[in-house]
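Asker: Sending over a structure as structure tokens; questions will come in a sec.
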């Protein structure tokens with residue numbers, strides 16, 4: 014079982030579909046963070062050890078890079094439980110939940126990783 018936090022641009026139905034597969038999923042609206050900026054979304058997910066699910070590739074790639082670089086500079090350790098970037102309007106929420114279920118089942122640890130699904134390659138670790 015994995016635990017997920019869906020940011021405000023992901024359909025709320027996906028949380029129910031992930032729950033139906035035996036995972037725990039919460040949505041930004043459930044946490045009253047639906048208007049919060051992306052950095053707050055990532056901080057909330059990380060603070061609660063939840064894998065963040067988003068459509069927002071560009072902003073989260075930048076935030077992920079900063080997340081990895083800043084602790085090295087300050088000599089501290091920060092860990093987030095992973096970021097999954099899913100395509101927008103490609104799948105139904107049920108299909109999306111199945112794809113997410115497969116990738117988390119295949120990977121032993123998503124800590125401090127960002128994965129993006131692409132039509133050409135499927136899930137890729139995005140660095």
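Numbering (our numbering), first residue to last: 14 to 140. C-beta: ideal position from N, C-alpha, C; glycine also.
1) Just to confirm my understanding: we take residue 161, look at its own chain, exclude 5 residues before and 5 after, and list those with CB closer than 8 Å. What are they?
2) Using three-state DSSP, classify residue 38 as helix, strand or coil.
3) For residue 89, is the classification buried or exposed, using 16 other Cβ atoms within 10 angstroms of its Cβ as the cut-off for buried?
4) Residue 19 lies in the beta strand (DSSP E); which residues open and close that run?
5) How should residue 135 be labelled, buried or exposed, when 16 other C-beta atoms within 10 angstroms of its C-beta is the threshold for buried?
6) Could you tell me which uninterrupted alpha helix (DSSP H) segments, each at least 4 residues in length, are contained entirely in the region 57 to 128, listed from first to last along the chain?
7) Does the region 116 to 123 come within contact of the region 72 to 88, defined as at least 3 CB pairs closer than 8 Å?
8) If residue 66 sits next to residue 97, beta carbons under 8 Å apart, how far is it from one beta carbon to the other, in whole angstroms?
9) Along the chain, where does the alpha helix (DSSP H) that runs through residue 31 open and close?
10) For residue 22, collect the residues of the same chain with a Cβ closer than 7 Å to its Cβ; drop the 5 residues on either side in sequence, then sort them by chain order.
Answerer: For this structure:
1) One cannot answer for residue 161 here, as it falls past the ends of the chain, which runs 14 to 140.
2) In the displayed model, residue 38 falls within a strand according to three-state DSSP.
3) Under this definition residue 89 is an exposed residue.
4) Counting along the chain, the beta strand (DSSP E) containing residue 19 begins and ends at 16 to 19.
5) When all chains shown are included, residue 135 counts as exposed.
6) Look at the region 57 to 128 and you find these whole runs of alpha helix (DSSP H), each 4 residues long or longer: 70 to 87, 106 to 119.
7) Touching, no, given that fewer than three Cβ pairs across the two stretches are closer than 8 Å.
8) The C-beta separation of residue 66 from residue 97 comes to about 5 Å, placing the pair in contact by the 8 Å criterion.
9) Residue 31 -> alpha helix (DSSP H) spans 25 to 33.
10) 67, 68, 69.
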